[in-house]
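> Sending over a structure as structure tokens; questions will come in a sec.
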Amino acid sequence: AQSVTQLGSHVSVSEGALVLLRCNYSSSVPPYLFWYVQYPNQGLQLLLKYTSAATLVKGINGFEAEFKKSETSFHLTKPSAHMSDAAEYFCAVSERNNDMRFGAGTRLTVKP
Amino acid sequence: DGGITQSPKYLFRKEGQNVTLSCEQNLNHDAMYWYRQDPGQGLRLIYYSQIVNDFQKGDIAEGYSVSREKKESFPLTVTSAQKNPTAFYLCASRGDRGATDTQYFGPGTRLTVL
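Chains A and B supply the protein sequences, listed in that same order.
Here the first sequence is numbered in my numbering, starting from 156 and rising by one per residue.
Here the second sequence is numbered in my numbering, starting from 438 and rising by one per residue.
Written out as structure tokens, the structure reads:
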């Protein structure tokens with residue numbers, strides 16, 4: 156069965172520092188992978204997705220993620236954190252039409 | 438504007454009462470989903486529907502019920518049988534490109550049992 160594991164429930168970085176949020180997946184077939192962002196008391200918004208095209212995927216707000224099959228990873232990065240990046244981030248995997256599995260989430264704090 | 442609306446944003450319920458959460462979409466999507474979100478647990482699937490008049494249980498369907506009488510609407514009823522209903526509930530929809538397609542989320546309803 157497909158699943159995702161997000162390493163670190165809470166990540167704290169300084170403004171301007173690199174953001175790295177980790178996601179590892181488990182899937183019996185080539186997966187489709189997604190990163191979503193959630194601001195307090197709001198729904199989830201898609202940041203980016205991997206659907207078997209380029210392994211380096213660029214998303215909104217300067218985020219990108221690289222699909223590494225050998226490491227079963229899909230880590231999310233941003234070169235320079237901004238205060239507005241503070242939110243909760245969810246990694247998700249989908250391998251069948253109606254079964255998307257979400258990780259437990261990583262809360263990102265950005266310090267001034 | 439196309440999107441998903443959920444109402445109400447905040448809902449308070451007394452123990453023993455059933456409550457219904459509304460979810461409407463104008464994206465012309467066939468598939469719709471209900472998730473429950475608790476701190477530190479991510480999103481857990483309650484029910485989903487691929488087409489009108491059809492729906493399937495997700496991982497945590499006990500104590501919940503749904504209907505899908507119209508393509509645009511997928512209301513969720515939290516019954517008195519749900520032992521711990523206080524949570525944030527999210528509705529989502531997805532287009533017909535299957536697993537590669539994005540799920541679009543509504544703004545959520547926060548349910549509190551008093």
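We treat Cβ as the ideally placed atom computed from N, Cα and C, and that holds for glycine.
Leucine 527 of chain B touches chain A at which residues, Cβ-Cβ below 8 Å?
Residues of chain A passing the Cβ test: Gly198 and Leu199.
> Name the DSSP beta bridge partners of aspartate 491 of chain B, please?
B:Ile488
> With a threshold of 16 other CB atoms inside 10 Å of the CB of proline 522 of chain B, please say whether the residue is buried or exposed.
The residue in question, proline 522 of chain B, is buried, as its Cβ has 16 or more Cβ neighbours within 10 Å.
> Could you tell me which chain B residues have their CB closer than 7 Å to the CB of glutamate 257 of chain A, listed as they occur along the chain?
Position check: residue 257 of chain A holds phenylalanine in this sequence, whereas glutamate was assumed. The answer, in chain order, is Gly479 and Leu480.
> Would you identify the three-state DSSP class for serine 225 of chain A, choosing helix, strand or coil?
coil
> Expressed to the nearest angstrom, what Euclidean distance is found between the alpha-carbon atoms of glycine 543 of chain B and proline 195 of chain A?
13 Å
> With DSSP run on the structure shown, which of helix, strand or coil describes cysteine 167 of chain A?
For the sequence presented, residue 167 of chain A should be read as serine rather than cysteine. Reduced to three states, the DSSP call for serine 167 of chain A is strand.
> Tell me, please, whether the CB atom of glycine 260 of chain A is closer than 7 Å to any CB atom in chain B?
yes
> Sort A:Ala209, A:Ala220, A:Trp190 and A:Gly214 by Cα distance to alanine 128 of chain A and report the nearest one.
Residue 128 of chain A falls outside the range modelled here, since chain A spans only 156 to 267, and no answer is possible.
> In this structure, how does DSSP classify asparagine 216 of chain A when only helix, strand and coil are distinguished?
Reduced to three states, the DSSP call for asparagine 216 of chain A is helix.
> Under 7 Å Cβ-Cβ, which residues of chain B neighbour lysine 204 of chain A?
Thr539
> Going along chain A in order, which residues have a C-beta closer than 7 Å to the C-beta of phenylalanine 542 of chain B?
Gly198 and Leu199
> Can you confirm whether tyrosine 244 of chain A, when its beta carbon is compared against all beta carbons of chain B, has any partner nearer than 7 Å?
no
> For a contact defined as C-beta to C-beta under 8 Å, what are the partners of tyrosine 194 of chain A on chain B?
Those within 8 Å of tyrosine 194 of chain A in chain B number zero; the least Cβ separation is about 10 Å.
> Considering only the beta carbon of each residue, do proline 234 of chain A and glutamate 170 of chain A sit closer than 7 Å?
no
> Just the Cα atoms here: how many angstroms apart are serine 504 of chain B and phenylalanine 511 of chain B?
6 Å
> How would you write the range of the beta strand (DSSP E) that glutamate 461 of chain B sits in, first residue to last?
456-462
> Along the beta strand (DSSP E) that carries alanine 529 of chain B, what are the first and last residues, could you check?
Element bounds for alanine 529 of chain B: 524-531.
> Below 8 Å on the Cβ atoms is my guess for leucine 231 of chain A versus phenylalanine 245 of chain A; work out the distance and round it to an integer in Å.
With a Cβ gap of about 10 Å, leucine 231 of chain A and phenylalanine 245 of chain A do not count as contacting.
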